[in-house]
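Working notes for the structure below.
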Amino acid sequence: MRIDPDKCVACGNCTYVCPMGAIYIDPVIKRATVNRDECVECYACFNGLSQEHLNPTLVRGLRRVFQALRLRFDPEPDVCPTAAFAPEELTWPRVVRRAFSDPRVPHESTGVEGRGTEEVKTNDISGRVQVGEVGFTIEFGRPGVGVWMREIQEMCTALAVANVAFEKKNPMTSLMSDVAAGKLREDILGEKVLSAIVEIKVPVERTEEIIRLVWEVEKKLDTVVALGVGTRCAADGEDNVVAPILERLGYTLHRAKTNAGLGRVTNGTQSAREKEVVAQ
Amino acid sequence: MTNTLHRAGDADSFSDDYIVFAMCSRGRNDENSVPKLRRFLEMARGFHPVNLGDARHGGALRPSKSMNPFSHWKRNMKPDFDAVISGLDTPTTAAAVFDNRVAAEDFLKAVREADLGLSVNISTSVDGADQCCHAAGINRHSVGYSLGFEGKTEHLPNSDVVMLSTMCGHGMVSSSLAKKMIDWVKEGRRTPEQAVTYLARFCSCGIFNPSRACRILEVARKRTK
Numbered sequence: 277m278r279i280d281p282d283k284c285v286a287c288g289n290c291t292y293v294c295p296m297g298a299i300y301i302d303p304v305i306k307r308a309t310v311n312r313d314e315c316v317e318c319y320a321c322f323n324g325l326s327q328e329h330l331n332p333t334l335v336r337g338l339r340r341v342f343q344a345l346r347l348r349f350d351p352e353p354d355v356c357p358t359a360a361f362a363p364e365e366l367t368w369p370r371v372v373r374r375a376f377s378d379p380r381v382p383h384e385s386t387g388v389e390g391r392g393t394e395e396v397k398t399n400d401i402s403g404r405v406q407v408g409e410v411g412f413t414i415e416f417g418r419p420g421v422g423v424w425m426r427e428i429q430e431m432c433t434a435l436a437v438a439n440v441a442f443e444k445k446n447p448m449t450s451l452m453s454d455v456a457a458g459k460l461r462e463d464i465l466g467e468k469v470l471s472a473i474v475e476i477k478v479p480v481e482r483t484e485e486i487i488r489l490v491w492e493v494e495k496k497l498d499t500v501v502a503l504g505v506g507t508r509c510a511a512d513g514e515d516n517v518v519a520p521i522l523e524r525l526g527y528t529l530h531r532a533k534t535n536a537g538l539g540r541v542t543n544g545t546q547s548a549r550e551k552e553v554v555a556q
Numbered sequence: 087m088t089n090t091l092h093r094a095g096d097a098d099s100f101s102d103d104y105i106v107f108a109m110c111s112r113g114r115n116d117e118n119s120v121p122k123l124r125r126f127l128e129m130a131r132g133f134h135p136v137n138l139g140d141a142r143h144g145g146a147l148r149p150s151k152s153m154n155p156f157s158h159w160k161r162n163m164k165p166d167f168d169a170v171i172s173g174l175d176t177p178t179t180a181a182a183v184f185d186n187r188v189a190a191e192d193f194l195k196a197v198r199e200a201d202l203g204l205s206v207n208i209s210t211s212v213d214g215a216d217q218c219c220h221a222a223g224i225n226r227h228s229v230g231y232s233l234g235f236e237g238k239t240e241h242l243p244n245s246d247v248v249m250l251s252t253m254c255g256h257g258m259v260s261s262s263l264a265k266k267m268i269d270w271v272k273e274g275r276r277t278p279e280q281a282v283t284y285l286a287r288f289c290s291c292g293i294f295n296p297s298r299a300c301r302i303l304e305v306a307r308k309r310t311k
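Residue numbers (this note's numbering), protein chains in the order written: chain S, 277 to 556; chain X, 87 to 311.
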């Protein structure tokens, strides 16, 4: 992301809305400036701020007058008064930042927006996690801390050594140059993203082992980790297997997302019906 | 996309936070899914949601690309549910946010009866979801637990800020803006109702809960540290 210095009036609104805190008012040029190293191309500034199209010279003049009179401004905090944001054409590997940080951009590998994975949300029709299995989503950088790809690789290689299977339909897996070793492509290791999810699946017996492994590796990372643990419920809708393991490990299970099991495969069924009608 | 899973707070803090969302799976039930997703949102409207949204276009409060400077004095703070429903034009995730369990239960029951064929999830406290499913006559299929935040948690801001900012799971509601809104409410520069509209406009899939955010801001207003 770039901010057009000819348009920017240094109102400072954008410095608050950047999830990474990567925008600041440069005291030399007196314009909002993006720290390109820290910017994860999430487009929160461009997509989230409302935009006015005021004359920059006029706005700067007014701001100078108010400032001289020590008058407190009370502007709307979610507006860029001069529409100064100018998205750049991103090239590889920087485009990876946007793919993982801007939730409106679907991942090419999965077609899913956000971090690009369906997890247990479609487990009722994908069967991704079966009875006796546990699906882990290991998310890095959330909320608002961000993560470097090289840090994610550290976790991936440790998981690979533990001989776990990475979910194929996950954008992080698609960026691995060596899935068996958990190695990411060399050219993306210097990229930072708002957050990313590594997804694995193991037999339920390995739940504790994997969590202890994550605890060990996360100590070495300079970011936050959010663990999600997905499981298939029994026929009566209960989970008496995984929850007790997690509670034994010291977790209090405050929140969950629950798949209600209402999904079904429908692709092709309508066209089949239409064919029947035509045949009749 | 675990955009609803890792909301900060204990189970009690989710008593006014029920997200019911529908999505299709690529290659399995994504054909002709747009009318079904729209139907899902239309049905939700009847149960008085506090937000509706889709993952591609955002929620019921959206930023404007060409804002009239005079609109500062009459900013629209009402959620536009019609825009969400009519704007859904691609297979994506559709979400409805409720601030009470009864509404979520009744909606889930209606969705079950409508038999849309989409995967439907409820994101709230573990017990809250269990009760919703029970009331709707549904046995849970799968569950994804949030184990919260670990690692270098010293990078995180205080709990009020985290509770507000994690209501956009994609991280589009920045901690700095959430902190600023707490400060503005404390200073009396904005009401909680006004402050949450600023935050909600950044949430890119409409799962921000303005009702819960108001409550958090009210509590934060009187907090001493």
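The beta carbon of each residue, even a glycine, is placed where N, CA and C say it ideally should be.
Exposure of residue i, with buried meaning 16 or more beta-carbon neighbours within 10 Å
{"i": "Q429 of chain S", "result": "buried"}
{"i": "D275 of chain S", "result": "Because residue 275 of chain S is not part of the residues shown, which for chain S are 277 to 556, the question remains open."}
{"i": "N535 of chain S", "result": "buried"}
{"i": "N154 of chain X", "result": "exposed"}
{"i": "A189 of chain X", "result": "buried"}
{"i": "G113 of chain X", "result": "exposed"}
{"i": "P419 of chain S", "result": "buried"}
{"i": "A362 of chain S", "result": "exposed"}
{"i": "F412 of chain S", "result": "buried"}
{"i": "P353 of chain S", "result": "buried"}
{"i": "S119 of chain X", "result": "buried"}
{"i": "T178 of chain X", "result": "buried"}
{"i": "G255 of chain X", "result": "buried"}
{"i": "D515 of chain S", "result": "buried"}
Below-8 Å beta-carbon distance, residue i vs any chain S residue
{"i": "M87 of chain X", "result": "Legend: pLDDT at M87 of chain X = 42, less than 50; position of this residue unreliable, value from coordinates given subsequently. True, the Cβ-Cβ gap to chain S drops below 8 Å."}
{"i": "P296 of chain X", "result": "no"}
{"i": "I268 of chain X", "result": "no"}
{"i": "Y231 of chain X", "result": "yes"}
{"i": "F167 of chain X", "result": "no"}
{"i": "V136 of chain X", "result": "no"}
{"i": "E117 of chain X", "result": "yes"}
{"i": "L194 of chain X", "result": "yes"}
{"i": "F100 of chain X", "result": "yes"}
{"i": "N186 of chain X", "result": "no"}
{"i": "T90 of chain X", "result": "yes"}
{"i": "K272 of chain X", "result": "no"}
{"i": "I293 of chain X", "result": "no"}
{"i": "G173 of chain X", "result": "no"}
Simplified DSSP assignment, three categories, for residue i
{"i": "K479 of chain S", "result": "Lys is not the amino acid found at residue 479 of chain S; the sequence shown has Pro there. P479 of chain S: strand per DSSP, three-state reduction."}
{"i": "K109 of chain X", "result": "Sequence inspection shows Met at residue 109 of chain X; the Lys mentioned does not correspond to that position. Of the three classes helix, strand and coil, the one that applies to M109 of chain X here is strand, per DSSP."}
{"i": "M452 of chain S", "result": "strand"}
{"i": "Y300 of chain S", "result": "strand"}
{"i": "N289 of chain S", "result": "helix"}
{"i": "F575 of chain S", "result": "Here chain S comprises residues numbered 277 to 556, so residue 575 of chain S is not present and cannot be evaluated."}
{"i": "Y284 of chain X", "result": "helix"}
{"i": "T67 of chain X", "result": "Look at the range of chain X in this structure, 87 to 311, and you will see that residue 67 of chain X is not part of it."}
{"i": "T398 of chain S", "result": "helix"}
{"i": "K533 of chain S", "result": "strand"}
{"i": "I224 of chain X", "result": "coil"}
{"i": "C318 of chain S", "result": "coil"}
{"i": "S297 of chain X", "result": "helix"}
{"i": "R340 of chain S", "result": "helix"}
{"i": "K468 of chain S", "result": "strand"}
{"i": "A308 of chain S", "result": "strand"}
Min CB distance residue i to chain X below 8 Å
{"i": "V469 of chain S", "result": "no"}
{"i": "A434 of chain S", "result": "no"}
{"i": "E484 of chain S", "result": "no"}
{"i": "E409 of chain S", "result": "no"}
{"i": "N331 of chain S", "result": "no"}
{"i": "Y292 of chain S", "result": "yes"}
{"i": "C315 of chain S", "result": "no"}
{"i": "Y300 of chain S", "result": "no"}
{"i": "R278 of chain S", "result": "no"}
{"i": "P353 of chain S", "result": "yes"}
Nearest-angstrom Cβ-Cβ length linking residue i and residue j, presumed shorter than 8 Å
{"i": "G145 of chain X", "j": "C289 of chain X", "result": "6 Å"}
{"i": "A298 of chain S", "j": "N311 of chain S", "result": "4 Å"}
{"i": "E304 of chain X", "j": "P278 of chain X", "result": "6 Å"}
{"i": "N207 of chain X", "j": "F107 of chain X", "result": "6 Å"}
{"i": "V355 of chain S", "j": "N289 of chain S", "result": "6 Å"}
{"i": "K468 of chain S", "j": "V423 of chain S", "result": "7 Å"}
{"i": "A375 of chain S", "j": "F416 of chain S", "result": "Not a contact, Cβ separation roughly 15 Å."}
Tell me, please, whether the region 200 to 208 of chain X touches the region 152 to 172 of chain X by the rule of three or more beta-carbon pairs shorter than 8 Å. no
For the 8 Å Cβ check, are there 3 or more pairs between the region 360 to 380 of chain S and the region 451 to 470 of chain S? yes
The region 189 to 198 of chain X / the region 496 to 511 of chain S touching (three or more Cβ pairs under 8 Å): no
Using 8 Å as the cut-off, can you tell me whether the region 479 to 490 of chain S makes contact with the region 402 to 410 of chain S, which would need three or more C-beta pairs spanning the two stretches below that distance? yes
Taking 8 Å as the threshold, find out whether the region 211 to 228 of chain X comes into contact with the region 279 to 286 of chain S through three or more Cβ pairs. no
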